[in-house]
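Numbering-wise, our numbering comes out as the position in the sequence shown, counting from 1, plus 18.
Beta carbons: idealized from backbone N, C-alpha and C, even for Gly.
Scroll down for the structure; my scribbles are underneath it.
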Amino acid sequence: MKPKILITRKILPEALDYLKEHTDYEIGATKRNLTKEEIIKKVQGKEGLLSLLVDDIDKEVINSAPSLKIIANCAVGYNNIDISEAKKKGILVTNTPGVLTETTADLTWALIMAVARKIPQADQYTRRKKFKGWELDLFLGKEITGKRLGIIGMGRIGKAVALRAQAFSMEIVYSD
């Protein structure tokens with residue numbers, strides 16, 4: 019018999035395909051966050067809970083689910099879960115550290131490039147139909163190659179951002 023789990027909100031189809039093979043799951047909601055009361059009601063009789071960072075899995079939720087064996091938090095952090103209460107009940111708690119490291123570093127670089135090259139301003143200028151033709155200094159922006167990049171926090175994401183900066187021969191300074 020497959021273990022019964024509650025997934026608090028719709029997740030990626032690839033993950034659901036895997037879970038369909040190995041569990042009997044229920045999705046709590048698709049387009050909104052469940053209320054605490056809804057989580058308490060739906061987690062009854064479940065052995066697993068796949069939560070998201072927006073779900074408050076506190077003492078009340080944990081105590082309402084005596085058959086719960088695992089809380090799998092789909093997030094890097096886990097401050098939305100009462101870890102000490104889960105531990106008291108013998109419930110395993112997992113998270114997904116590193117899952118967004120590369121994605122966040124990519125987005126950081128997209129924003130750096132957008133600001134340096136004035137992409138938002140040029141986009142608005144063009145959408146407002148102000149572009150009449152090429153000009154030498156129109157939205158010229160700033161060169162970033164060889165510049166200094168300051169990074170606050172040299173954890174996984176900071177290191178991934180710094181690695182990308184090497185392609186621009188940037189000097190890296192950081193505070194940890």
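Boundaries of the alpha helix (DSSP H) harbouring A33: 31-40, taken from the DSSP string. Across the structure, V191 and D73 are spaced so that their CA atoms are roughly 36 Å apart. For N98, the secondary structure class from DSSP, reduced to helix, strand or coil, is coil. As the crow flies, the alpha-carbon of V111 is around 36 Å from that of I130. For G176, the enclosing alpha helix (DSSP H) begins and ends at 174-183. The beta carbon of T126 sits closer than 7 Å to those of V179, all from its chain and outside the five residues before and after it, given in chain order. Taking a contact as a CB-CB distance under 8 Å, the pair L68 and C92 counts as one, their CB atoms being some 6 Å apart.
CA-CA distance, T114 to E161, rounds to 36 Å. For A140, the CB contacts under 6 Å within the same chain, skipping 5 residues up- and downstream, are F157 in chain order. Straight across, the Cα-Cα distance linking P138 with R174 is about 28 Å.
Membership of T121 in the alpha helix (DSSP H) is indicated by the continuous run 119-134. Going by beta carbons, S187 and G168 fall outside the 8 Å limit.
Residue pairing from DSSP places V111 in a beta bridge opposite I89. DSSP places K60 in the helix class (H, G or I) of the three-state scheme. Counted as a single uninterrupted DSSP element, the beta strand (DSSP E) harbouring R166 occupies residues 166-170. Cα atoms of R50 and N81: separation of roughly 24 Å, rounded to the nearest angstrom.
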